[in-house]
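So in my numbering, the last one in the sequence shown is 346, and the numbering has no gaps at all.
We put the beta carbon where it would ideally sit given N, CA and C, even for glycine.
Keep in mind that this is a model prediction, so the values were computed, not measured.
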Amino acid sequence: MRDSDIAWTHATFNPQRGCSGERCQLTKLGLCYAENMERARGRDFKQVILTSPGNWKEPTRLEIEAASIQKAYRVFVGSLMDFNDRQNRGWYEDFWSIVKMTPHLVYMILTKIPELYP
């Protein structure tokens, strides 16, 4: 299993990287950890990009591993993005299809705009 440095989760998954920061007080104060991390890597956090096809295979790989030991893995979704950001790149349907096919994964989804869940 891919380890996470976050104590309360087994793995992280980001369908995209970046967000507009419009609803985030931390962004307005310059305290968004994700924005600061991406900036340190030379990336523009305000430019939202879809993550790689290889990254999108991670939940399936984690499902196979979790199912083989009959355990549930916690997956933090959105550590480098906001799940409901206005710049969403049209990946919702693909994401929810993956969720349906991975019953051994417990998805913990981060957003500052919960009223926009599909």
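Within the stretch 253-313, complete alpha helix (DSSP H) segments of at least 4 residues are found at 253-256, 261-268, 281-284 and 286-296, given in chain order.
Closest by C-alpha distance to His332, out of Trp236, Gln298, Val305 and Tyr320, is Gln298. For Tyr320, the three-state secondary structure derived from DSSP is helix. Nearest in C-alpha terms to Leu290, of all of Ile341, Lys340 and Phe241, is Phe241. Around the Cβ of Leu257, a 10 Å sphere holds fewer than 16 other Cβ atoms; the residue is exposed. For the set Leu278, Leu308, Ile341 and Gly270, the Cα lying nearest the Cα of Ala262 is the one of Leu308. Rounded to whole angstroms, Gly282 and Pro243 show a C-alpha spacing of 11 Å.
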